[in-house]
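Protein chains in written order, with this note's numbering: chain A, 3 to 137; chain B, 3 to 137; chain C, 3 to 137; chain D, 3 to 137; chain E, 3 to 137; chain F, 3 to 137.
Protein chains: 6
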Amino acid sequence: MAVLPVLGDGAAGAEARAVFDDIREKRQTDYVNNFWRVLAADPALLKAVWERLQVVMAPGALDPLTKELIYVAVSVANGCDYCIHSHTAAARAKGMTEAQHGELLAVIAMASQTNALATALQVPVDAAFDAGNSG
Amino acid sequence: MAVLPVLGDGAAGAEARAVFDDIREKRQTDYVNNFWRVLAADPALLKAVWERLQVVMAPGALDPLTKELIYVAVSVANGCDYCIHSHTAAARAKGMTEAQHGELLAVIAMASQTNALATALQVPVDAAFDAGNSG
Amino acid sequence: MAVLPVLGDGAAGAEARAVFDDIREKRQTDYVNNFWRVLAADPALLKAVWERLQVVMAPGALDPLTKELIYVAVSVANGCDYCIHSHTAAARAKGMTEAQHGELLAVIAMASQTNALATALQVPVDAAFDAGNSG
Amino acid sequence: MAVLPVLGDGAAGAEARAVFDDIREKRQTDYVNNFWRVLAADPALLKAVWERLQVVMAPGALDPLTKELIYVAVSVANGCDYCIHSHTAAARAKGMTEAQHGELLAVIAMASQTNALATALQVPVDAAFDAGNSG
Amino acid sequence: MAVLPVLGDGAAGAEARAVFDDIREKRQTDYVNNFWRVLAADPALLKAVWERLQVVMAPGALDPLTKELIYVAVSVANGCDYCIHSHTAAARAKGMTEAQHGELLAVIAMASQTNALATALQVPVDAAFDAGNSG
Amino acid sequence: MAVLPVLGDGAAGAEARAVFDDIREKRQTDYVNNFWRVLAADPALLKAVWERLQVVMAPGALDPLTKELIYVAVSVANGCDYCIHSHTAAARAKGMTEAQHGELLAVIAMASQTNALATALQVPVDAAFDAGNSG
């Protein structure tokens, strides 16, 4: 059940359809997933998010698969069901193997438990970790 | 301010000191950071966490740096101050460059905002993302 | 799938039904939504939450729509699916326009990303923001 | 203790200083707060965040103070200490009274507790809240 | 650094001081901790929270120590530094032993990791766990 | 909709089936719930989680029901729908009464709201709560 409707191409306005077309071209697929179709109710927000996403997820110092693994990790910690589904699928499309998925899950689980322990114990940060203040 | 004291080698019990020594040997450093020194109040928990951490973070289908980046990402999303410091430091020690750090931050920021949007809009998961039920 | 049943008027006890009736009267509608019908398993908790809600959400220094927008924002950040649906609906009932909804989403997304960045970077709080200690 | 240094004007590069100058001009103050000075390690990210922030927080269908209240609410729910300080200060600068602050806190507290209850009870979303699918 | 000042008895208004006195009497101690002294800026909110807290934490079907352990667990998962400190101290004052503290930490860590795994895998809820709808 | 399939006994590999059998024996039931059947895609992770869970949840300084209540509390605060269902069911199986469930909910709700307030106000931790540094 969505808070706003999933807009088909016919129901979306011209500005939103232009973004849908750009998604199709850049991703080389006819399929536009629901996130964009719901966000289409606010075409300016849709456009801003889609444009920023392309900049951030482009290959750079980190490769696209590593970026997707990080995306999944954040989405799990934030409990975003939709994003877990869509970015796990994206990671697979970018070559994530079953073994890599298993290790991703294991690291997420490990971090979740040591995060909880360090927080529960309020462990003071070691001076050795300080990056200093160069101002 | 910690919930439990940061135990120096003299204050820790024999079982905890044995873990400290193992940390020193495996990490090839004399430095044992505060997380382990606070957790040392419960030597069985200390040992279980340290042993599991080695299994999970060992090189495998994902390389050690990628695992650290995922660890940092989860720690940020969970708001664990200590873990952000310690695992950012660990990522640097494993070769994370400034450019990679910048891209890690950008992906975390991007995921955080689309997580919020997908949740705020309660976007229904596309059938295309379903992994099926092979039972 | 609920953890406790959604109680119809017939299944609820007298104390819970009295709260249902008060909800109907105060909200000028016959409809009592599921949150109250599930909470009705514990009539004392039901009553305490309903009474406090009326105090908090009453018009005051902030108008009712602003309060609903804040409620939605918290619910999104906490990932409460039910609350996002019910309070977005409440905001609309109190006059939230499509444009306002779009801006609410944009602010939530913006805050989510700068929250993540400030946390990831562990930015020290500026002395200028200190409210002092007047004790 | 920061993960990256708080860069003074002298230590920041030309691209970052240009953003600092823009912040000074747009905000009509000489003061550039720590968030920007730490983010300055990655000038492209700094610029992207600053530019998007101006778009999102500009007066629109919601007034600037309402946007700040929403920003504070998200920051509290996400547990971002820095952001709570900086955006509470910003809300005051935009006219938030003590009474409004008190009501903001009361709504955040109320939402936090009903979020927890609705999640703990896994309350099913009422069909009445469905926005339909106009695809 | 607080968002509002920590009010000493002299700086607090009459309504807030009355709550301070009630805290002293009910807790049989002269010490009023900072949470109440900061909340005292809004005496109505201070009073509402203090009164509700007494109802909720009173001995009932669950004993006071069990309630404190639950309180600590929620505070850790929510990352509330202050609450972790104050409620761990309260649990000790109500008799929590070192061994119980260790087990509390172990359960929190365990839950945190299986929470992350179940979320990452989006495990469908078993029909066996459904409480039905008795409406 | 799961990210990985719910594996029936026939679809699971030998290592995973051995864990299923151990679950059946230790829990004295033929039913293996979905969490384990989805985790079975990675038999090493499945085994590690199941073995650790038995250690952590065994009777000790805290009784099994208290441990389940803590588990539910963490799961609610982390927003893990599956875990809320499975551990509420487990708590009932271990004797949680309706009255205890109601009090568990009330404590979770209370903690959630004071967590939010202490965080929103950035209340400084009282020196009285410091556990010191015995290093």
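Here a beta-carbon is modelled for each residue, glycine too, at the ideal position from N, C-alpha and C.
Please read all numbers here as calculations on a predicted model, not as lab measurements.
Presumed contact (8 Å Cβ cut-off) between residue i and residue j, rounded CB distance
i                     : j                      : result
residue 5 of chain E  : residue 110 of chain D : Incorrect: roughly 12 Å between the Cβ atoms, too far for contact.
residue 88 of chain B : residue 114 of chain C : The Cβ separation is near 24 Å, so there is no contact.
residue 3 of chain B  : residue 132 of chain F : 5 Å
residue 81 of chain A : residue 81 of chain C  : 4 Å
residue 73 of chain D : residue 130 of chain C : That belief does not hold up - the Cβ atoms of residue 73 of chain D and residue 130 of chain C are roughly 18 Å apart, past 8 Å.
Residues that residue i contacts on chain F, provided the C-beta gap is smaller than 8 Å
i                    : result
residue 6 of chain B : 133
Within chain A, the residues that residue i reaches when beta carbons sit closer than 8 Å
i                     : result
residue 62 of chain B : 101, 105
C-beta contact flag for residue i and residue j at 7 Å
i                      : j                      : result
residue 37 of chain B  : residue 125 of chain A : yes
residue 93 of chain F  : residue 76 of chain E  : no
residue 122 of chain C : residue 123 of chain B : no
residue 119 of chain F : residue 104 of chain A : no
residue 60 of chain C  : residue 101 of chain D : no
residue 16 of chain B  : residue 42 of chain B  : no
residue 58 of chain B  : residue 98 of chain A  : no
Neighbour list for residue i in chain E, Cβ cutoff strictly below 9 Å
i                      : result
residue 121 of chain D : Chain E residues near residue 121 of chain D: none, gap ~12 Å exceeds 9 Å.
residue 31 of chain D  : None at all; the shortest Cβ gap to chain E is about 21 Å.
Residues that residue i contacts on chain D, provided the C-beta gap is smaller than 8 Å
i                      : result
residue 114 of chain F : 114, 115, 117, 118
Per-residue contacts from residue i into chain D (C-beta, under 7 Å)
i                      : result
residue 15 of chain F  : Those do not exist, as residue 15 of chain F stays about 32 Å from chain D at its closest Cβ, beyond 7 Å.
residue 108 of chain B : 47
residue 54 of chain C  : 112
Closer than 9 Å at the beta carbon, the chain A residues around residue i
i                     : result
residue 37 of chain B : 116, 119, 120, 123, 125, 128
residue 44 of chain F : 100, 101, 103, 104, 105, 107, 108
9 Å Cβ cut-off: residues of chain C touching residue i
i                     : result
residue 87 of chain F : 3, 5
7 Å Cβ cut-off: residues of chain A touching residue i
i                     : result
residue 75 of chain B : 72, 75, 76
residue 97 of chain C : Chain A residues near residue 97 of chain C: none, gap ~17 Å exceeds 7 Å.
residue 40 of chain B : 123, 125
residue 81 of chain E : 121
residue 91 of chain F : The contacting residues do not exist; residue 91 of chain F stays about 21 Å from chain A at best.
Amino acids of chain B, ordered along the chain, whose beta-carbon sits closer than 7 Å to that of residue i
i                      : result
residue 111 of chain C : 115, 118, 119
residue 18 of chain D  : Ordered by position in chain B, no residue passes the 7 Å Cβ test against residue 18 of chain D, which lies about 12 Å from the chain.
Contact list for residue i against chain C, beta-carbon separation under 8 Å
i                     : result
residue 51 of chain D : 115, 116, 119
Contacts that residue i makes with chain F (C-beta to C-beta distance below 9 Å)
i                     : result
residue 68 of chain A : Ordered by position in chain F, no residue passes the 9 Å Cβ test against residue 68 of chain A, which lies about 19 Å from the chain.
residue 21 of chain E : The contacting residues do not exist; residue 21 of chain E stays about 14 Å from chain F at best.
Of all the alpha helix (DSSP H) runs that stay within the bounds of the segment 18-50 of chain C, which reach a length of 4 or more residues? Note on the segment 18-50 of chain C: whole alpha helix (DSSP H) runs with a minimum of 4 residues are 36-41, in chain order.
Any contact between the segment 59-74 of chain D and the segment 26-43 of chain D? By contact I mean 3 or more CB pairs, one from each, below 8 Å. No, because fewer than three Cβ pairs between the segment 59-74 of chain D and the segment 26-43 of chain D fall closer than 8 Å, the two stretches do not touch.
Alpha helix (DSSP H) segments (min. 4 residues) lying fully within the segment 58-92 of chain E: 66-79, all fully within the segment 58-92 of chain E.
Pair every Cβ in the segment 46-61 of chain C with every Cβ in the segment 17-32 of chain C, then say whether three or more of these pairs are closer than 8 Å. Taking 8 Å as the limit for Cβ pairs, the verdict is that the segment 17-32 of chain C does touch the segment 46-61 of chain C.
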